[in-house]
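Residue numbers (the working numbering): 886 to 1040.
The C-beta atom is built at its ideal place from N, Cα and C for all residues, glycine as well.
Fair warning: this is a prediction, and the values are worked out from it, not measured in the lab.
Below is one structure, written out as structure tokens; the observations come after it.
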């Protein structure tokens, strides 16, 4: 994946989405720190936000500690790691993130008007030492969404 990139997804009327590169945008107003953990104590946060996704409308989305936004119910990393997930989800990066391993950054959410902005700011990967990841997902009440990468490690 290219860093400093925004990809915009819009429903295409054929049951899927059209993805397009758009000008880079990263909202610095992160909102509330969700204080998600890598343990079972608080791995997800439910947000009441109506979001149409693949021709279904969900009343809530779940923000996951591993960078996943799922619709209608939470999801565990082991489920999508084993290709077993049956939960509609947006997965910006397929990584086992460890939000408890950093002294700066965190996982944030902000809801305004008809959009939900979710930011993963400088979150370390569980098995990749000091590599940190910053990315942001924005969901719009129309069913469109974007993913912005703004801090991927260079390997």
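Residues bridged to residue i (per DSSP)
i: residue 907; result: 891
i: residue 960; result: DSSP, once it has assigned bridges, lists no residue as partnering residue 960.
i: residue 1031; result: 893 and 1023
i: residue 1001; result: 996 and 1024
i: residue 940; result: According to DSSP, residue 940 bridges with nothing at all.
Residue i, DSSP secondary structure in three states
i: residue 973; result: coil
i: residue 930; result: strand
i: residue 984; result: helix
i: residue 1011; result: coil
i: residue 945; result: strand
i: residue 923; result: coil
i: residue 935; result: strand
i: residue 900; result: coil
i: residue 918; result: strand
i: residue 1006; result: strand
Whether residue i touches residue j by CB criterion (9 Å)
i: residue 1011; j: residue 1038; result: no
i: residue 910; j: residue 891; result: yes
i: residue 959; j: residue 929; result: yes
i: residue 995; j: residue 914; result: yes
i: residue 992; j: residue 919; result: yes
i: residue 900; j: residue 941; result: no
i: residue 1008; j: residue 984; result: yes
Length of the line joining the Cα atoms of residue i and residue j
i: residue 972; j: residue 949; result: 12 Å
i: residue 1027; j: residue 937; result: 7 Å
i: residue 1004; j: residue 925; result: 21 Å
i: residue 990; j: residue 886; result: 21 Å
i: residue 1032; j: residue 893; result: 7 Å
i: residue 1022; j: residue 1029; result: 11 Å
i: residue 1024; j: residue 888; result: 20 Å
Cβ separation of residue i and residue j, assumed to be a contact under 8 Å, to the nearest whole Å
i: residue 978; j: residue 947; result: Not confirmed; about 17 Å, so no contact.
i: residue 902; j: residue 896; result: 6 Å
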